[in-house]
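Report on the structure given below.
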Amino acid sequence: MYTGIFDTHAHYDEEIYSSYADALLNNEHRYRGVDLIMNIGSDLPSSERSCALAEKYDFFCAAVGVHPMNTGDLPSDWLDQLAGMTKRTRVVCIGEIGLDYFFKQPEKKIQQQRFIEQLDLAEQLGLPVNIHDRESHHDMLEILRQRKPKGVLHRFAGSPDMACSVVDLGMYIGVGPEVTFLNEKNRRESVRRVGIDHIVLETDAPFISPTTHKGEPCISSWIGEVAETVGELLSMDPQEVINRAAENGRRIYNI
Ligand SMILES: [Zn+2]
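Note that the working numbering has the sequence shown beginning at 1, numbered continuously upward.
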């Protein structure tokens, strides 16, 4: 069994866990080596639920933010609401925020505006960010170059060259269960290129699981399998991968 796992991006407030969340999370922490989990907001209600998880479990921290897909219809005081939530227990990050052009909704201009507003909020509050980027790599890199936020591009899916550019800006890439899939050549090459000093581990639970658990809602202890793949790619012991990635995460999020 591995120890010291820091899952830097999870959604344990999702409905799918509701009937067994307490037992699951306590087992993950007590018996399966999970030291710390960051629960991420994707809109105002889930940000609120992330804060509640960090208040309930001492091995949770929280991120609050509005996911690009949810930026279409927000109350006028949404930024004030987010800022208010950052005062709560172990809220360490603004996320997940970013761009997602996959469904072409909401329109790009709105997504960009909301993303930049949340980057500005993070800067004002001195907090790092956790960024979502799907099918929007070009615009993403441009905004990152202009704004230079601190934090992580989660479930990094860009090219290995983009990974290096992100790291040159002082940011980190989030590596999750997809890296265990043999056909994910770009993700694997990105890990090789940036190395252990610029990586954090994550699940994006429940949405994606490693090869051996495909189709099941993901849980944080399966990060062990992510670390095994990263270990193969970097010729490192998986436990050392977990330790170093957790140190990176704690430094970024100041925990
Ligand atoms: Zn997520």
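Even glycine gets a Cβ: it sits at the ideal position worked out from N, Cα and C.
Assign Pro177 to buried or exposed, taking buried as 16 or more other Cβ atoms, counted over all protein chains shown, within 10 Å of its Cβ. buried
Determine the direct distance from the alpha carbon of Val34 to that of Arg145, and round the result to whole angstroms. 34 Å
Which of the three DSSP states, helix, strand or coil, is assigned to Asn130? strand
So, are the CB atoms of Ala163 and Arg134 less than 8 Å apart? no
Between Ile199 and Asn248, how many whole angstroms is the CB-CB distance? I'm expecting something under 8 Å. 7 Å
Since Pro160 contacts Ser190 with CB under 8 Å, what's their CB separation in whole angstroms? 5 Å
Please give me, in chain order, every unbroken run of the alpha helix (DSSP H) with length at least 4 that falls completely inside the segment 89 to 142. 108 to 125
DSSP three-state call for Leu36: helix, strand or coil? strand
Hey, is Asp313 close to ligand 1, as in C-beta under 7 Å from one of its heavy atoms? The shown model of the chain, from 1 to 255, leaves out residue 313, and the question about it has no answer.
Less than 7 Å separating the Cβ of Ile40 from some heavy atom of ligand 1? yes
Name the residue from Ala54, Gly84 and Leu234 whose alpha carbon lies nearest to the alpha carbon of Met38. Ala54
Buried or exposed (CB count within 10 angstroms, at least 16 for buried), Asp100: buried
Starting from the C-beta of Phe181, find all residues in its chain whose C-beta is less than 7 Å away, skip the five residues before and the five after it, and write them out in chain order. Thr211
Please classify Gly231: does DSSP put it in a helix, a strand, or coil? helix
Simplified DSSP state of Tyr172, which is helix, strand or coil: strand
Using 7 Å as the cut-off, classify the Cβ of Glu96 as near or not near the heavy atoms of ligand 1, replying yes or no. yes
Cβ-Cβ separation, Glu117 to Ile79 (assumed contact under 8 Å), whole Å: First, the amino acid is wrong: residue 79 is Leu here, not Ile. Yes, Leu79 and Glu117 are in contact; Cβ-Cβ is about 6 Å, under 8 Å.
According to the neighbour-count rule (16 or more other Cβ atoms, all chains shown, within 10 Å of its Cβ), is Gln113 buried or exposed? exposed
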